[in-house]
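Working notes for the structure below.
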Amino acid sequence: SAQAQDTGGVVMTFGLQERLETTSNLGLDVTNRGRTNQATTNLSFGISSETQTSRLAFDMSGVLRAAQGPGHSGTDFGFDGPKLAFSYAHSGANASLSLKAHYSDADVEYLRPLENFLDEDGHIVLPEDLADLTGTGTRRSSGLNAALTWGNDAPVGFGLSAAVSDLSYRNTTSPGLIDSRRTTLGASMRLDLSEVTKATLGLTISRFEDEAPLSSPRNTISFDAGLSQVMTTGTLTGSLSAAKTEDGTKLGFSVGRDIELPNGSLTASLGLSRAATGGTSLTGSLGLQHELPQGQITAQLRRGIGVSSDDTDSLTTVLSLGYSQTLSPLSSLSLDLSYAESTATATDNTVTNTSFGATYSHALTEDWGLNLGYRQRMRDSDGVGKADSSSVFLSLSRDFTFRP
825 SAQAQDTGGV VMTFGLQERL ETTSNLGLDV TNRGRTNQAT TNLSFGISSE
875 TQTSRLAFDM SGVLRAAQGP GHSGTDFGFD GPKLAFSYAH SGANASLSLK
925 AHYSDADVEY LRPLENFLDE DGHIVLPEDL ADLTGTGTRR SSGLNAALTW
975 GNDAPVGFGL SAAVSDLSYR NTTSPGLIDS RRTTLGASMR LDLSEVTKAT
1025 LGLTISRFED EAPLSSPRNT ISFDAGLSQV MTTGTLTGSL SAAKTEDGTK
1075 LGFSVGRDIE LPNGSLTASL GLSRAATGGT SLTGSLGLQH ELPQGQITAQ
1125 LRRGIGVSSD DTDSLTTVLS LGYSQTLSPL SSLSLDLSYA ESTATATDNT
1175 VTNTSFGATY SHALTEDWGL NLGYRQRMRD SDGVGKADSS SVFLSLSRDF
1225 TFRP
């Protein structure tokens, strides 16, 4: 994304990446369909404008692809993966406004759930349609959200939010991929009990609709309360949540602690959650970041109750490990391991995805970078079977930044 520097103003960023890749069983089919060779040109453009009180940003990207292998007649050329993102944020004397919009259109065969679905902090966010995200076809995702807060510098603050997200599919081979829309409205309140203690309350109303036969809209009302206290070595938190769904009532409780370490940070939480269909599960999270003399180690573990593409509960577990090491002033090595498990609480059907990667990076010049890597992926779905895929890639990339 385009990032304005501290001095503010308008910044334009152009990105270019040339990539050669060969992959076995690209679509992670139970029966290996063979090897796919592809050459891609990844193009991106971003523009941002920043002042002391506001920031406006627009980003777009896409992939020019030449591929040959299963499902292709000779060498196929095409444009894939267009993405658009818009954001606006404004902070006033005692209030703030945030607006965001996104759109993406991707070939299901090229989507990699453990690499393509990351939040702003680089954490894996499992998509709702993870269990059915296989085969071929096109997946379209779009969304809008807005948030308004006021009383930011007062002992009592309030907030309102609204969001709508859409998932739609074209020519897909997986029967579980069904168009859907989710609309959400929320209200919140913050109360500063002291200089170091804060309480929060939140109310959310959501409506889910899909095009499955005989389906009807599903409404959910959620309430949550939280308490946090800043301590000399970090922050102590606690939360309670309850949600009334079409399947029953969900309940949750957790306590957490953030600790600043001499060479990094540690975050941890532990709780219990009751799914709408019954059954109580242990939930929690653990995050570690440790700086090495010439590298870094990161670890993330999260376990909680989420929702599937049909708006039913699923118990998800995500583990990610990362290691990076500087080999020389111009080169570095990085390793990553990710594991994600999603279990439908109503049926106990489980889908697991595992990914391991190793990448060697070398700075050819001040602006050009070379990456050579290997990735192994595995998928195991109850009632479907196991599949694995491996790939080797070589890429050359550069970013161009301008100030008009």
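Take 825 as the starting number for the sequence shown in this note's numbering and just add one per residue. Just so it is clear, CB atoms sit at the ideal spot from N, CA and C, and this is done for glycine as well. Keep in mind the model is a prediction, meaning the values are calculated, not measured.
Can you find the residues in the same chain that come closer than 7 Å, C-beta to C-beta, to residue i, ignoring five residues on each side of it along the sequence?
i: S1132; result: E952, A955, S1138 and A1168
i: N856; result: S848 and N849
i: N995; result: G961 and T962
i: G1103; result: T1169
i: L1151; result: L1157
Using only the heavy atoms of the ligand SAH, determine whether one of them is closer than 7 Å to the beta carbon of residue i.
i: F1180; result: By its list of ligands, the structure shown contains no ligand whatsoever, and the ligand SAH lies outside what it can speak to.
On a Cα-Cα basis, can you pick out the residue from the options that is closest to residue i?
i: A1099; options: T1069, S1156 and R1222; result: T1069
i: L1054; options: G1080, I1045 and S1039; result: For the record, residue 1054 in the displayed sequence is Val; it is not Leu. Closest by alpha carbon: G1080.
i: F1180; options: G1088, L1159 and S1152; result: L1159
i: V1208; options: L957, T1056, A881 and H914; result: L957
i: S1093; options: P1086, T1107, N1087 and L1085; result: T1107
i: T1171; options: T1136, V854 and A890; result: T1136
i: G959; options: Y993, G1193, F901 and A919; result: Y993
i: F941; options: N1087, L950 and E933; result: L950
i: D945; options: T1007, F1032, S1144 and S1215; result: S1144
i: A1067; options: L1085, D1048, T1056 and L1060; result: D1048
i: A919; options: D977, R1031, L938 and L844; result: D977
i: A1164; options: F1217, S915, D1204 and L1194; result: D1204
i: L1161; options: S1155, L844 and N1177; result: N1177
i: A909; options: A917, G895, L880 and T1056; result: L880
Taking all protein chains shown into account, decide if residue i is buried (16 or more other Cβ within 10 angstroms of its Cβ) or exposed.
i: L1196; result: exposed
i: V1175; result: buried
i: K1210; result: exposed
i: R999; result: Sequence check: residue 999 is Pro here, not Arg. With fewer than 16 other Cβ atoms within 10 Å, it is exposed.
i: F903; result: exposed
i: D943; result: exposed
i: R1227; result: exposed
i: V835; result: buried
i: N1043; result: exposed
i: Q862; result: buried
i: V1216; result: exposed
i: S897; result: exposed
Leaving aside the five residues before and after residue i along the sequence, list all residues of the same chain whose C-beta is less than 6 Å from its C-beta, in chain order.
i: P979; result: D1016
i: G975; result: G981 and F982
i: R1126; result: S1109 and V1142
i: D990; result: S966 and R1005
i: F1077; result: L1064, G1095 and L1096
i: L1112; result: L1090 and A1123
i: D1206; result: N1173 and T1174
i: L923; result: Y912 and A970
i: I1029; result: L1009 and I1045
i: G1050; result: T1024 and S1063
i: L984; result: L972 and A1011
i: V1020; result: Q1053 and V1054
i: L1027; result: A1011 and F1047
i: T968; result: The sequence given here has Leu at residue 968, not Thr. A925 and V988.
i: A986; result: A970 and L1009
Identify whether residue i lies in helix, strand or coil by the three-state DSSP scheme.
i: E1115; result: strand
i: E939; result: helix
i: L842; result: This sequence places Glu at residue 842; Leu is not what is there. E842 falls in the strand class under three-state DSSP.
i: D956; result: helix
i: E874; result: strand
i: E1070; result: coil
i: V854; result: coil
i: V932; result: helix
i: G833; result: strand
i: S1040; result: coil
i: L1027; result: strand
i: P906; result: strand
i: S915; result: strand
i: V1131; result: strand
i: I948; result: strand
i: T1021; result: strand
i: A1099; result: coil
i: Q827; result: Low confidence applies to Q827: its pLDDT is 42, below 50, so where it sits in the model is not reliable, and the reading given next is rough at best. Looking at Q827 - three-state DSSP - the assignment turns out to be coil, as it is neither helix nor strand.
i: E1033; result: strand
i: D977; result: coil
i: L1094; result: strand
i: R1227; result: coil
i: G1108; result: strand
Which same chain residues, not among the five before or five after residue i, have their C-beta less than 8 Å away from its C-beta?
i: A1036; result: I1002 and D1134
i: P1041; result: R1031, F1032 and E1033
If contacts are defined as beta-carbon pairs under 8 Å, then residue i and residue j qualify, I think. What distance do you get, rounded to the angstrom?
i: T1101; j: G1128; result: In fact, because the Cβ distance is near 16 Å, the residues do not count as touching under 8 Å.
i: S1148; j: G1119; result: 5 Å
i: G1062; j: I1083; result: With a Cβ gap of about 16 Å, G1062 and I1083 do not count as contacting.
i: R1201; j: L840; result: The pair is not a contact, with the Cβ atoms about 26 Å apart (cut-off 8 Å).
i: L852; j: S1213; result: 5 Å
i: T860; j: L888; result: With 8 Å as the limit, T860 and L888 do not qualify as a contact, their Cβ atoms being about 16 Å apart.
i: L1220; j: E842; result: 5 Å
i: S872; j: H914; result: Between H914 and S872 the Cβ distance is about 14 Å, and since that is not below 8 Å, they are no contact.
i: A886; j: G905; result: Note that residue 886 corresponds to Gly in the displayed sequence, not to Ala. Contact flag correct, Cβ pair sits at about 6 Å.
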